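The block underneath contains the structure these notes are about, expressed in structure tokens.
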Amino acid sequence: MPKLTDKTNFNMSLTNTINRSAITLLLLFLSLFVSLPSNGQDKPAAGAAGADPEKVAEGAKLFEANCKVCHAIDKVVVGPALRDVEKRKPIGWIVNFVHNSSKVIASGDPYAVELFNKFGKAEMKSFPELSDDQIKNIVEYIKSAPKVEDVKIPTGKDGEQTEAQSDEGGYSGIILILIIIVLVLVLVMLVVFLSVLKRYLKDKEEKLAEADQEIVNQKFDVLKVIKSKGFLSIVGIIFVALALRACWNNMLYVGVDQGYAPIQPIPFSHKLHAGQYKIDCNYCHTGVTKGKQANIPSLNICMNCHTHIKSGPRFGQDGIAKVVDAYNSNKPVKWVRVHNLPDLAYFNHAQHVQVGGIECKTCHGQIDTMEVVRQHSPLTMGWCINCHRETAVNGKDNAYYDKLLELHSKKGPLKVAENGGLECSKCHY
Amino acid sequence: MKDNNKKYWKGIEELSNDPEFLKHAHNEFPEFLSVKEKGSNDASDAPDRRDFLKLLGFSVAAVSLAACEAPVKKVIPYVNKPDDVDPGIANWYASTYQEGGEYCSILVKTREGRPIKIEGNKLSPITMGGTSARVQASVLSLYDTERLEFFVEEGKAVKVKSVAEYASLDKKIIDKLTAAQASGKSIRIVSQSILSPTTKKAIEEFKAKYPATEHVVYDVLSADGILKANELSFGQRVIPSYNFSAADVIVSFGADFLGTWISPIEYAKQYSKTRKLSANKKTMSKHYQIESNLSLTGCNADTRLPIKPSEEGLYVAALYNALFGGLNVKTPSHEVIKKAATDLSQAKGKSLVVSGSNDPYVQLLVNKINSELGNYGKTIDLSTPSYQKQGSDEAILKFINEAKSGQVGAVIFYGANPVYDHPKGTELKDALKKISLKISFSDRMDETSSEVDYVCPDLHFLESWNDAEPKKGFFSLTQPTITPIFKGNRAAQESLLIWSGNNTDYYTYLVNNWKARLTGGNFQELWDKTLHGGVFQTQSSDAGESGSVANINLSEVEENISRNYKSTSGIELSLYYKVGLGSGSLSAGNNPWLHELPDPVSKATWDNYLAIPKKMANEMDISQGDVVALTVDGKNTGIEVPVLIQPGQANNTASLALGYGRTKAGKCGNEVGKNAYPLIKVKGNRLDLNAGVVTFAKTGEENKIAQTQTHHTVMARPIIQDASLAEYQKDAGAGRYKPMIHTNLYGEKKPTEVTVWYEHEKPNHLWGMSIDLNSCIGCGACVVACQSENNVPVVGKKEVLNRREMHWIRIDRYYSSDAETDITGEYFESESGVKDLEIAAENPTVTFQPMLCQQCNHAPCESVCPVAATTHSSEGLNQMTYNRCIGTRYCANNCPYKVRRFNWFKYFENEEFDKNVSMNNFLGRMVLNPDVTVRSRGVMEKCSFCVQRIQEGKLKAKMEKRRPVDGEIVTACASACPTDAIIFGDRNDTDSRLHKDNAVENAERSYAVLEELNVQPNILYLTKIRNS
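Which chain is which? The protein sequence lines are A and B, in order.
For the first sequence, counting from 1, position 323 maps to 323 in this note's numbering; every step adds exactly one.
For the second sequence, counting from 1, position 297 maps to 10297 in this note's numbering; every step adds exactly one.
As structure tokens, then:
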């Protein structure tokens, strides 16, 4: 089953706020189908001729885990672009350099020294844990990787999100207008019918009975209707009902900070780091697969790269200088917390990310397009529970779930809710 | 009950049908809360107009606050994250608890760099994963705000930014020490038993620098008599290793070896091994206890004989005579002694006789008996002496005399508070004025350190490096689990080293000292490995020694016992130590968890009291809570304490606990109870806890004792099911009560067959517990462990009196009697019933039953909650959701086990509950478990089966793609238990110990309490079997 994209998720959350007419729902389904094809994630490229796909796959994995932070294939990031690296130097040299770059530089190897000087006299981190074969596999992967155009930096504020919203508004607006037009037409037609009928009765030769005469000649007195008790009470009741409904709706959202996007002390851009440079979420949020907290990265993680990168595209040296200053003066950065769960709720990232295989985006939205991080999901209990009802347990190849899945195999996929995912003490203790 | 006619009652009030007790008996909650909470001395307690307006104002404010936007919260990551710290993930470190000679190898759980929980270290061959209440509570002492932040010079704090700035102060001290050395006067270091060989080495270094120094070692819980006796009989002044697990017959004369005697955790572990039964092991040890006050060990004995303290020596002699004869002492004769002698003579080399007496002649006789029985080399090992008691009563008395005569030039108190805990403390206090240099390493301004010139606060053991050698050849290491909280504190050893002119820091000193010990490999690797496991052994665990024969001059023993033990006609006072508080003289004295821990036997909290038997109370017309003034040996002591009526207390004796009445312990310990240390008798050069003949008179005042038991009635239901060993050997199900339910259509049915409920499905896990009543010794380690794990508040004496204590697990203590009466509804009202029970009350057998939420599968609490705040999980847990609870308390009313606790007050950030230090000050809060909600006022709470641990364990298993392994997930109580009485596990896992215990090996003994209600608890108890 394909994963819901962010777009559809966002649409679903919109249903909370938009009038839940059947047409809107229909449209939601429509948009879901529309968005499905665009969901194609870039799959690992087909290998170049002669390359062992297994090796390439392993290389790709290793590249993601170890190299990607500083290197791209066709682009200079922190370190040089790696395209055609195998042509620049023999494989033996590459292996040595990866194992212990400082040793190669110290040995006075001219190419290594040149690289060292070119990239701000920063040594590459050594990877003694990578075996020769693994390094060769990485090279295989680099060889076979397709050439990618430079990633376009999306412009405009929060690109897709705004679009999605306006799209949605457009559809329902058109429908509303259509309905109104139809209603007005019906009304006009009724009035026309009425006057035609009246004229016909008046023009009729035969005299009507007195009572009927009265009805035909009756004048419509708007003022009288408005002043009538019945009308006033109906209007009153509708008004009170609407007011109560509005109150209720607002109360449901007390403490729900969806869309909260506070200004941070350092204008860190996820769009740049996660979007443009494609730095893996795990690289900074180290706890996300280990435990409860995903962890706001400590400054030493920032400094892994920012010892070398001293100026950024938007704020020049100012933004990064704040990081460096804080690090050098040993003063932690006081970030503003965006996602605030109440203390009474226990949430564990590892359970969802590592065990459940949920992607970060599912709850946090299109972080890689956010200049300023915004709370994407409502983080209400209803939202949690809804997901637990809809999501199947990710029990494949996990011996913990084997017996459970077997027991449940006849009843279709085992939903989180069916495995106790709605029970109080799963989150409250 | 079908098979025996024993009746149990929970306390004297129930036994005597005290009117107040009857009034409370049917009320779960004592009274409703009035709006006024404090300071309402005026007559009308009803809410007045002002209160109403206040409430109104509050509600308006609360509503408008709720509508406000959430406050901006900051999230502050590390600047430089330590590699091994991940926020939200606990780190565990092996370490060692040692205080006043007490030892426990522990694992410390730290979260974000804060120690929050202590567990036992299973790798230790001595404590084997067991803990005690005091060890569990010691983590709270780390965050005690009474701790000194800086060195104190002449009463003034020397504020520094780091210990390096003490250099000038050190210079002053060195100058003064040098002057004291030059003056020809002596220098003394006074401490309790020190287990650490490296600390001893540092002291040696100090002694080398100042040769006038002598190290005075004393023990508050003195074992001087045993040391002296062993010196006389074997030429070694040592405490041997006792092995209770190899003893088939145990005879103890007043040695509370499960509670306070020498190494209780170790002995409890060994003892429990001989008490466990299963289909494969149908024998158990036979335990005789001969003592005057009902001790924890006495409660667990198969046969207990109450005696007067003055007869102790005579009874030991009687046992000797019954065994071997020939001792010319006029001995009392008693059936129990004869039976004990018969059993002992049949278990030669497999028995153990111990005595808690501090009289070397009694101990000599005990040695003789053990020697004749061939127990040396079998159950007693002299070649592996225990170093947990090294103190000499003589040494400290000599020191006090020297101080009085002005011979002492300088004194250093190290982990010692003799002004408080020595009978001659006041004399010492005056004598201290004559000493020109007085230094204390105490962590607070206690009774001794407030009399000294320099207080150089030592680090808490959780902040320090150290080692320990509790037994010869058995080592363990202490490693810091937090950087020193106060930058102005320094390890005592480091201070000693600096003053000896050695500027190595103590860590380096320790490592250097260990380099000689860890050989045969790369030192760093060996050191890391030892540090990781926490323990290191150079001697094998088996008693390797062939039996020694005690060389004892019996005539001398004869003479001394005849002279010193003469039965008196008066009431004799014996002093004892509490299982929870211990000596109470160091940081434990200010630990609210220990003060609120109910005494295992009396169930009293927050006080000491004079325990007297019922018979005496009747004769003297004293009722419980009456305050009496004590006169000992004709001298008015000035001590006025309330009376507690204690079944099992020997007639014509009274007992009083030591360790109370601190004046300078801190907020929680000050003025709790009365100090009984001055009553310890100084007999020649030893201390005697038998304080002499006491008379007491009512002062007319009343001081209610805050007991936790008698709050909930038993109503003669078969809650405790027990049998004798002989019955059990015939029928493993002996003593079981199997109720049947009468139905109109189908006749008699088992309760489980009569149900109106649908079953809950538990396809994944079914968490359950098995509690062996035979193993549970009632020590209370689980109670404090639970308090520490689950952020359970301390409520204070007043609230315990209101029966609002919050412990999630309590240990019910039931007295029994052999009254031959049937259970009927009128039983408790009938005069004969009460009378019959009363006769047995003098020496009841006792059973402990840990009682916690039974996690019923048909839970009565769940069905009455109007807001579904308590619900059932698919893993068999009875879940309590605080944020849903509206506080109707219906659930507590409907709970047959009375294990639910209601938050009558906001216990956190509330100065009315300032003794609840873990929630009421910035430092104390660091001990809270961040995974467990701190409950607020108005919600119900109860045992959750440590659901946070279950969730954590499950997650770990899921992440490693496997099923949880049995024993991986344990509750705090089960893991703290020194006797493995509590087994926690998954009933769906047929390989689990729990399944084996309840369904295979002890299936017949397993029973659910109140089975007839068919609430189907997930906790099963194993019947209590007595070897009597």
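Here a beta-carbon is modelled for each residue, glycine too, at the ideal position from N, C-alpha and C.
It should be emphasised that the depicted structure is a prediction, and the values quoted were computed from it without experimental measurement.
Per DSSP, residue 10111 of chain B is one residue of the beta strand (DSSP E) stretching across 10102 to 10111. Against chain B, the beta carbon of residue 399 of chain A has neighbours under 8 Å at 10961, 10962 and 10963, listed in chain order. When CB distances to chain A are screened at a threshold of 7 Å, the residues of the region 10869 to 10893 of chain B falling below it are 10871, 10873, 10874, 10875, 10877, 10879, 10881, 10882 and 10883, in chain order. In terms of Cβ geometry, residue 10590 of chain B and residue 10666 of chain B form a close pair [threshold 8 Å]. Checking the DSSP bridge columns, you'll see residue 10690 of chain B partnered with B/10574. Excluding the 5 residues flanking it on each side, residue 10965 of chain B has no same chain C-beta neighbour closer than 7 Å.
At a C-beta separation below 9 Å, residue 89 of chain A has no neighbours in chain B, since its nearest C-beta there lies roughly 33 Å away.
In the structure shown, residue 10926 of chain B adopts helical secondary structure according to DSSP, grouped into three states. Interface annotation, residue 344 of chain A: in contact with chain B, CB-CB separation under 8 Å. Under the three-pair Cβ rule at 8 Å, the region 10301 to 10311 of chain B does not count as touching the region 10579 to 10587 of chain B. Taking every protein chain shown into account, the CB of residue 111 of chain A has fewer than 16 other CB atoms within 10 angstroms, so this residue is exposed.
With contacts defined by Cβ atoms closer than 8 Å, residue 10811 of chain B and residue 10849 of chain B form a contacting pair. Within chain B, no C-beta atom comes less than 8 Å from the C-beta of residue 284 of chain A; the nearest is roughly 10 Å away.
Out of B/10346, B/10391, B/10745 and B/10390, the CA that lies nearest to the CA of residue 10374 of chain B is found in B/10346. Listed along chain A are 425 and 429, each with a C-beta nearer than 8 Å to that of residue 10947 of chain B. Within chain A, no C-beta atom comes less than 7 Å from the C-beta of residue 10053 of chain B; the nearest is roughly 26 Å away. The Cβ of residue 351 of chain A sits closer than 8 Å to at least one Cβ of chain B.
Residue 10881 of chain B is not a Cβ neighbour of residue 384 of chain A, given a cutoff of 8 Å. Note on geometry: alpha-carbon atoms of residue 10206 of chain B and residue 10142 of chain B lie some 28 Å from one another. Cβ-Cβ distances below 6 Å link residue 10476 of chain B to 10096, 10105, 10468, 10534 and 10535 in the same chain, with the five nearest sequence neighbours on each side left out; the list follows chain order.
In this structure, the straight-line span from the alpha carbon of residue 97 of chain A to that of residue 104 of chain A is close to 6 Å.
In the DSSP secondary-structure assignment, residue 10698 of chain B is bridged to B/10628.
One thing to note: residue 10854 of chain B has its Cβ within 8 Å of the Cβ of residue 11018 of chain B. By the Cβ neighbour-count rule, residue 200 of chain A is exposed, with fewer than 16 other Cβ atoms within 10 Å of its own. In the structure shown, residue 10796 of chain B falls within a coil segment according to DSSP collapsed to helix, strand and coil.
Of all alpha-carbon atoms in B/10599, B/10099, B/10332 and B/10685, the one lying nearest the alpha-carbon of residue 10567 of chain B is that of B/10332. Residues are counted here when their Cβ sits less than 8 Å from a Cβ of chain B; for the region 241 to 262 of chain A these are 254, 255, 257 and 262, given in chain order. When Cβ-Cβ separations below 8 Å define contact, residue 332 of chain A makes contact with chain B. DSSP places residue 10900 of chain B outside both helix and strand once states are collapsed to three, so it counts as coil. Contact between residue 10577 of chain B and residue 10123 of chain B does not hold, since the beta-carbon distance rounds to 29 Å and is not under 8 Å. For residue 10767 of chain B, the closest alpha carbon among the candidates B/10860, B/10801, B/10781 and B/10878 is that of B/10878.
The beta carbon of residue 10266 of chain B sits closer than 7 Å to the beta carbons of 10126 and 10127 from its chain, once the five residues preceding and following it are set aside; these are given in chain order.
Looking from the CA of residue 10353 of chain B, the closest CA among B/10254, B/10580 and B/10963 belongs to B/10254. Around residue 10938 of chain B, the same chain offers 10887 and 10903 as residues with beta carbons nearer than 7 Å, after the five sequence neighbours per side are excluded. Going by DSSP, residue 211 of chain A is part of the alpha helix (DSSP H) stretching over 210 to 217. Under DSSP, the beta-bridge partners assigned to residue 10769 of chain B are B/10984 and B/11019.
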